[in-house]
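Below: the structure, in structure tokens.
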Ligand SMILES: [Zn+2]
Ligand SMILES: [Zn+2]
């Protein structure tokens, strides 16, 4: 049984969803706690009840969530939004590159076909753009457009007092497939951009609930071992390293 509890990673940053925390289908989702609680991704339809319990364990209700910033439009990262919307006015923010797939519930480009589930049609409230600064908790996140896994993949830069965290979704150790619109050239360029940001820690889409330290070196590894990306991405990070 997954544990039903949020895990504090650093400062206001919590892991609230993931295959260990909510449901085996779920990608990691992160909460930035504070005056304006924000989720980065929100897991799958199947994991929503556990995500909700995990949020409540740190005193955040679904109603408190102001916005959900999505790393990309995949079932395991986003479909839980359909349940969240039933009890929250949270806005969904997603890059334009994945918008059409999500709004039309495309079974391939949302990766729903991998889970034998229908993707719920979801309206996107705002588009994420490269360089956009978004209020989150008591701070700001900066959006970095990192296409490659999907055209609309985004990463989020969170500068804490003593560390720079990049929340990358599947841009780090995700899977490559033409059916989801992956592009190797874009992806390499995106990893180069993340390396240039010289982060202290990574919070990725599929891993135990943890920060990955020595982050710039890990990004260089990911760039150098790009062939790994052509494997399915649900093989967990911790089994590969
Ligand atoms: Zn994923
Ligand atoms: Zn993905």
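In our numbering, the protein residues as written are 139 to 379. Even for Gly, the Cβ is constructed at its ideal location relative to N, Cα and C.
In this chain, the alpha helix (DSSP H) harbouring residue 330 covers 322-334. Going by C-alpha positions, residue 228 is about 26 Å away from residue 251. A distance below 7 Å between beta-carbons, with the five flanking residues on each side excluded, links residue 218 to the following residues of its chain, in chain order: 180, 181, 182, 183, 185, 186 and 189. A direct Cα-Cα distance of roughly 17 Å separates residue 356 from residue 294. Using a Cβ distance threshold of 7 Å, residue 329 and residue 361 count as a contacting pair. By the neighbour-count definition (other C-beta atoms within 10 Å, threshold 16), residue 292 is a buried residue. For residue 144, no beta strand (DSSP E) encloses it, and the DSSP letter there is neither H nor E. A straight line joining the alpha-carbon of residue 162 with that of residue 335 spans about 32 Å.
Not a single heavy atom of ligand 2 lies less than 6 Å from the C-beta of residue 181. Rounded to the nearest angstrom, the gap between the Cα atoms of residue 240 and residue 314 is 19 Å. Assignment of residue 316 by DSSP, reduced to helix, strand and coil, places it in the helix class.
The alpha-carbon separation between residue 312 and residue 254 amounts to approximately 19 Å. For residue 315, the distance from the CB to the nearest heavy atom of ligand 2 is not below 6 Å. In the three-state reduction of the DSSP assignment, residue 366 falls in the helix class, which pools H, G and I. Residue 212 has its Cβ nearer than 6 Å to a heavy atom of ligand 2. Only buried fits residue 157, as 16 or more other CB atoms lie within 10 angstroms of its CB. In terms of Cβ geometry, residue 242 and residue 318 do not form a close pair [threshold 7 Å].
Proximity of the beta carbon of residue 165 to ligand 1 is indicated: a heavy atom of the ligand is located closer than 6 Å. If only complete runs of 4 or more residues are kept, the segment 153-222 shows the alpha helix (DSSP H) at 186-194, 213-216 and 219-222, in order along the chain. Contact between residue 343 and residue 166 holds, since their C-beta atoms are separated by about 6 Å, short of 8 Å.
Pairing residue 209 with residue 324, the inter-Cα distance amounts to about 16 Å.
Between residue 154 and residue 175, the C-beta spacing is not below 7 Å.
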